[in-house]
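Comments concern the structure below.
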Ligand code: SF4
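Numbering (our numbering), first residue to last: 159 to 522.
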């Protein structure tokens, strides 16, 4: 297939649907397939793919939305930095509305904080160049997808000797989170729909341990309905027919087994692996990225002191359980009644990639 329309072709989707139903016609067990990518979550809901599947396949959303998995402690720290007169906070727009323990970046901006929405770390670097009397902090959140561009920006800042540009690194790594979920006895996962963007950077090899050690099949897939239906079909084939778990790539137009070597080199040059705290999952060993000593002059935490309030979760919000796949948005008492995209109580309702937000917009 060459053109994007072909990946939205309803005839092709129906054909895949029939094949999936055919394989599973006598299959007695329930199968749970988890996706760990916010864009996949949104496409699955928006396209109504769950409704095309046999009743014994359940698509479960995991911790794939970067804003959602960012811990309250990280957000509280960003808010505390934003209260300093000598700091400009720069961030992706999705972070603005996320409620922290007692405030949000949007509220802080409303009360005079210099908090600016940018589209990239490079935009933040430009703000630093234009405001040499201020310390400009970029909120580095997200997965392996965004980390290389932040690494590249840090290198540019070093080359240009820019001394008022800093990163608050909250970058996270997806494979360790998937392992944490597999080891969580409260969740059962039969197959992973692996993320497209993350895999464009890391390739498919980092998931191999999930297939070999945990015997759970993985398929890396793209972002159109045909991509996702194809991935489901490939997973079902592995589970029911070949019974031999492996990592397959459906998204061959973007993902190579070995990933993007240049992006990986950049990441490894600037960042080192560290433990990281995920909303709902808690601390996961070796699942985050911190800035290496060589580039530590750009590390906000190493250079700018700040007092951070004691973090607490938002009352009544079960985002953590939703991110682990233990509960669904309708299980939350606040869903649709108090918590809406206009008035989000928790992170999963803020970004369009959040499970609560996708459920709110498309589940009916
Ligand atoms: S509906 Fe709102 S309050 Fe409930 S879990 Fe989702 S984000 Fe949290």
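C-beta atoms are modelled at their ideal positions from N, C-alpha and C, and glycine is treated no differently.
Residue 406: member of the beta strand (DSSP E) spanning 405-407, first to last residue. The beta carbon of residue 406 lies closer than 6 Å to those of 377, 392 in the same chain, with the five residues before and after it left out. Scanning the stretch 224-286 for uninterrupted beta strand (DSSP E) segments of 3 residues or longer gives 245-249, 273-275, listed from N- to C-terminal end. Residue state for residue 301 is assigned as coil, using DSSP reduced to three classes. Considering only 384, 444, 256, 426, the residue with the shortest C-alpha distance to residue 450 is 426.
Three or more beta-carbon pairs drawn from the stretch 322-332 and the stretch 455-462 are found closer than 8 Å, and the two stretches are therefore classed as touching. Here the C-alpha atom of residue 256 lies approximately 8 Å from the C-alpha atom of residue 509.
In this chain, the alpha helix (DSSP H) harbouring residue 199 covers 196-205.
According to DSSP, residue pairing for residue 330 in a beta bridge involves 446. Listed as beta-bridge partners of residue 493 by DSSP are 497. Every residue whose Cβ sits closer than 5 Å to any heavy atom of the ligand SF4 is listed here in chain order: 475, 476, 477, 490, 492, 493, 497, 503, 504, 506, 507, 514. With at least 16 other beta carbons inside 10 angstroms of its own, residue 337 counts as buried. When only Cα atoms are considered, residue 251 and residue 266 end up about 14 Å apart. When C-beta atoms of the stretch 332-350 are compared with those of the stretch 460-470, fewer than three pairs fall below 8 Å, so the two segments do not count as touching.
For residue 191, there is no enclosing alpha helix (DSSP H); the enclosing beta strand (DSSP E) covers residues 189-193. The count of Cβ pairs closer than 8 Å, one atom from the stretch 220-239 and one from the stretch 370-388, stays below three, leaving the stretches out of contact. Our two residues, residue 422 and residue 475, have alpha carbons roughly 36 Å apart in a direct line. In its chain, beyond the 5 residues on either side, 221, 330, 436, 437, 481 have a beta carbon closer than 7 Å to the beta carbon of residue 227. Scanning its chain for C-beta atoms nearer than 8 Å, with the 5 sequence neighbours on each side dropped, one finds around residue 346 the residues 190, in chain order. Here the alpha carbon of residue 444 sits roughly 22 Å from the alpha carbon of residue 351. For residue 427, the uninterrupted alpha helix (DSSP H) run begins and ends at 419-428, by DSSP.
Proximity of the stretch 349-363 to the stretch 295-312 meets the contact definition, three or more beta-carbon pairs being nearer than 8 Å.
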